[in-house]
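Here the structure comes first, spelled out in structure tokens, and everything after it is commentary.
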Amino acid sequence: MTSLLEMRSITKTFPGVKALDQVNLDVKEGEIHAICGENGAGKSTLMKVLSGVYPVGSYDGEIHYDGKLAEFRTISDSEEKGIIIIHQELALVPLLSIAENLFLGNERATKGVINWRDTFQRTEALLKKVGLKEAPTTLIEKMGVGKQQLVEIAKALSKEVRLLILDEPTAALSESDSQALLDLMIELKAQGVTQIIISHKLNEVRRVADIVTVIRDGTSVSTMSAASGEITEDRIVRDMVGRDMSDRYPARPRNPSDVLMEVRNWNVWHPEHADRQMIKNANFNVRKGEVVGIAGLMGSGRTELAMSIFGRSYGRNVSGEVRLHDKPVDVSKIDRAIAAGLAYVTEDRKSLGLVLDEDIRTNVTLANLDEVSRAGVINEHQETQVSEKYRSAMNIRTPSVFQKVVNLSGGNQQKVVLSKWLFAEPEVLILDEPTRGIDVGAKFEIYGIINELAAEGKGVVMISSEMPELLGMCDRIYVMNEGELVGELSAEEASQERIMSLIVTE
Amino acid sequence: MEQVNKNNLGAYFKHHMREYGLLIALIAIMVFFQVVTDGTLLKPVNITNLFLQNSYIIIMALGMLVVIVSGNIDLSVGSVMGFVGAFAAVMIVEWGVPVSVTIVASLIVGIVIGAAQGYFVAYWKIPSFIVTLAGMLVFRGLSLWLLEGQSVGPFPKSFQLISTGFVPDIVPAGVSGAIAEMVGTRNFNVLAMALGIIAVAIIIWMGLRDRAHNAKYGIEGEPKAFFIARNAIVAGALLFVMFKLATFRGLPNVLISMVVLTVIYAFLTANTTIGRRIYALGGNEKAAKLSGIKTERLMFLSFVNMGLLAALAGLIFAARLNTATPKAGFAVELDVIAAVFIGGASMSGGSGKIIGAVVGAFIMGVMNNGMSILGIGIDYQQVIKGLVLLAAVFFDVYNKSKQG
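Listed in order, the protein sequences are those of chains C and U.
Here the first sequence stands for residues 1 to 506, where the numbers follow this note's numbering.
Here the second sequence stands for residues 1001 to 1404, where the numbers follow this note's numbering.
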């Protein structure tokens, strides 16, 4: 096979930092090439060099594309050659239709007047290609993330893509949507579209990739191929972190004691559609020192359950009882829920968890500001000490607590959110997708923190779409489907198959 | 070694371009007008005038900064200010209500107006732009109705004093007269000079204390050279202004209320939990809410506060003109908002400082004053002010994009 893309000795320096150091990448025509690496390893910088965000001349090394030396100065230069990147954050206009989005900037028009018939026809053909059963006139905001992802791919196809780059395409997708997307990738490969996938989910990488290149600290450390059977999760992980990680889930002594929090007969209705019941009579509990998982597909109501308990921050007509230490507590407002001893670590740390433009210090103390103030006046030095303490305890990698959190990596941001809630001194922590979009090394550290919390006697409720993570971490797992808790499994009886079968049979 | 040091200073300056730039801009504008007006700008009587003319803008800029930091805007302040002035005039002049009662009643009216607007913004989530645009029309109309299209005045002396009064000196006339003779001026107000010196001492002491704390905690602060230069400039300017005021009639009452309010609001925004929570609310409302912060109440309070300050500004403005006119406060909201944005606040909320808003207001005030002395027509004045606002914000955005 001939190479479609060859990046040779790419070196890119920012003031003071060498982001990429002699990176080589060789992508053959018609293959799926996975790039793995921890956050901050240099994957996205490499993709920015490739797509022309960093123009030729701002880096050292050569890019050969389709047998010729490529010198991209802008993104449109690379798009013209058929290189299209689909980013983690989707670039669709929510209030426009599928068809309008597909041809945005590339409208089927003569002299500025849009030919809708042609637009819709082409849209339908493209949707068929990606297997999306929606009308071309459907608004983007009416669709889930999984379908939106497919629209993005259809958009790439409409531009006659030759090299499709998917950056963490399944990060926000449910299990079944992820599977569909991976199938589509294989289908596109059969049609001759070369693809690069950047992913943290190693099982997915193993499933679709022909070749894996691992990048660590700005250098390409290894390349392995599926054909010779070299691709194993253990090997990828080892190369990514530069050490053996025999156990991805750190062990902890498991000795849960008395019931700490109990939720009884919990019912929640949709905030806008009053007739839609989102949570149906949910009952569950968590013991002291226990990590309880809630498994389920995306949209099964796990986040809605958690947020409605946490000060009714979701839903309407919330009814039911929350008990702590066998006494009913008032959790009807967020500040009351916090006072009662609850904390909710959101799945969406950027838009719900952090004030991005503020520094680490401000974010850490936000939920418990009174602790570092007297009569409403903040003691800044005490505040600095407190946040400094969490920075070192949580191993947040940054020179000081005066760093704005927007500049931190996903893993470090998550540690800031966790610090905020630990500083609020809760008894029960509800963690919603605590490791979403963060790298293997940071995941391991987060698991360690969760274990410490349990060891201190706190109750942890862990919502996750990654089943191996639940199986590796939890003492008990509740399974949720369509707003109902449909089953409860102990660590011993739980397995991916049993969880899936509980979801499917209901 | 020398080279490295220079680079560090340069880098620090670039990073804090906004703060220093604002101060430098104010000084540059003052020097410019001082030169082109042949020294009229900084004459004692004109400095006194500068404070009297701009006090109500600065007072409202304090409240506007809070509103803008929380992610909202208030377009109604000019109308509210005019309405409260009209209300006070009608009470005093037509109904004969005592001045003290009128002042309290007017401030309450301001609070009620702020609460009404804040209620719709905070609890009904109606965009503040719309609510206060409505308020702007409503209160403009109500002032016209109250005054029946006429000017109402004049006010009794005691009311005028809010604005045009001066703080009496602390030393007997004989002593101050002797000093005046020594420095070769007609008057010399010892209190003004003394307060000036005390203020400088406090500013330097607080700066030093902060630096010591930072050093103790290993926080890298302002380079020493900058610290000294900045304090020298501020202290020099302050002493200069106070000296000039001392040789005229001393400290205007308005200046005192302005300074006190500025200090209070600077402290509130920078050092208290309520201030911190307002910044968090403006930076990310949802995250603030999920951290247990009562975002609605804070937003509501920011408007109540704005209403109170707009009422105070209305009283000061009416007292200065010694009459309430239907045109009072017309388009003033634009000056107030411009001052806050020139001072570095962000339209999207979450950032901005009190001191920036005050300096921004002074920049606008000095330009207004200087251009009026030069006899530049109102037409050109508006164009120039507009361009300055655009330039300031452009400078901001440009700096940010440079920093990446």
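Backbone N, C-alpha and C fix where the C-beta goes; we use that ideal spot for every residue, glycine too.
- Cα atoms of SER1291 of chain U and THR365 of chain C: separation of roughly 10 angstroms, rounded to the nearest angstrom.
- Between the stretch 1055-1070 of chain U and the stretch 1329-1337 of chain U, the count of Cβ pairs shorter than 8 angstroms is three or higher; the stretches touch.
- Two segments are said to touch when three or more pairs of C-beta atoms, one from each, lie closer than 8 angstroms; by this definition the stretch 20-39 of chain C touches the stretch 210-223 of chain C.
- An exposed status is given to VAL1397 of chain U, since fewer than 16 other beta-carbon atoms sit within 10 Å of its beta-carbon.
- Taking a 10 Å sphere around the C-beta of GLU358 of chain C, we find 16 or more other C-beta atoms and assign the residue as buried.
- Remark: C-beta atoms of ILE165 of chain C and ALA306 of chain C do not approach each other more closely than 9 angstroms.
- The contact set of LEU369 of chain C on chain U, defined by CB atoms closer than 8 angstroms, consists of THR1273, ARG1276, ARG1277 in chain order.
- Within the DSSP secondary-structure output, LEU489 of chain C pairs in a beta bridge with C:ILE477.
- Within the stretch 465-490 of chain C, contact with chain U at the beta-carbon level (separation under 8 angstroms) is assigned to no residue.
- No Cβ of chain U is located within less than 9 angstroms of the beta carbon of ILE309 of chain C.
- For GLN195 of chain C, the pairing in a beta bridge is given by DSSP as C:ILE32, C:LEU164.
- For THR11 of chain C, the uninterrupted beta strand (DSSP E) segment begins and ends at 3-14.
- In the structure shown, the three-state DSSP call for ALA1328 of chain U is coil.
- For a Cβ distance threshold of 9 angstroms, residue set GLU380, HIS381 of chain C lies close to HIS1213 of chain U, ordered along the chain.
- In the DSSP assignment, ARG287 of chain C falls within the unbroken beta strand (DSSP E) covering 277-287.
- Counted as a single uninterrupted DSSP element, the beta strand (DSSP E) harbouring THR213 of chain C occupies residues 211-216.
- About 4 angstroms separates the beta carbon of VAL355 of chain C from that of ASN1284 of chain U, a gap short enough to meet the 8 angstroms contact definition.
- Going by beta carbons, TRP269 of chain C and VAL322 of chain C fall outside the 9 angstroms limit.
- Identification of residues in the stretch 323-336 of chain C having a C-beta nearer than 9 angstroms to some C-beta of chain U yields LYS333, ILE334, ASP335, ARG336, given in sequence order.
- Taking a C-beta distance under 9 angstroms as the contact criterion, GLU152 of chain C and ILE86 of chain C qualify as a contact pair.
- Per DSSP, VAL1359 of chain U lies in no beta strand (DSSP E) segment; the continuous alpha helix (DSSP H) that holds it begins and ends at 1354-1374.
- A Cβ of chain U is located within less than 9 angstroms of the beta carbon of ALA424 of chain C.
- Nearest to VAL1260 of chain U by C-alpha distance, out of U:ILE1029, U:LEU1062, U:PHE1033, U:HIS1016, is U:LEU1062.
- At a cut-off of 9 angstroms between C-beta atoms, LYS420 of chain C counts as an interface residue with respect to chain U.
- Positions of the beta strand (DSSP E) runs, each at least 3 residues long and wholly inside the stretch 123-191 of chain C, are given as 163-167 in order along the chain.
- Ranked by Cα distance from VAL286 of chain C, the options C:PHE310, C:GLY301, C:HIS325 are led by C:HIS325.
- Contact annotation, VAL1200 of chain U with LEU1238 of chain U: C-beta distance approximately 6 angstroms; criterion of less than 8 angstroms satisfied.
- Comparing alpha-carbon positions, the option among C:GLN414, C:LEU431, C:GLU290, C:ASP370 lying closest to GLY459 of chain C turns out to be C:GLU290.
- Judged by DSSP in its simplified three-state form, MET261 of chain C adopts strand.
- Apart from the 5 residues on each side of it in sequence, LYS1244 of chain U sits with its Cβ closer than 6 angstroms to the Cβ of PRO1044, ILE1047 in its chain, given in chain order.
- At a cut-off of 9 angstroms between beta-carbon atoms, LEU1195 of chain U makes no contact with chain C.
- Interface criterion not met: the Cβ of GLU427 of chain C is under 9 angstroms from no Cβ in chain U.
- If you draw a straight line from the Cα of LYS28 of chain C to the Cα of ILE211 of chain C, it comes to about 9 angstroms.
- For ILE1170 of chain U, the closest Cβ of chain C is not nearer than 9 angstroms.
- Shown here for GLY293 of chain C: same chain residues with a beta carbon closer than 6 angstroms to its own, the five before and five after excluded, namely MET462, LEU470, CYS474, ILE477 in chain order.
- The C-beta of GLY67 of chain C comes no closer than 9 angstroms to any C-beta of chain U.
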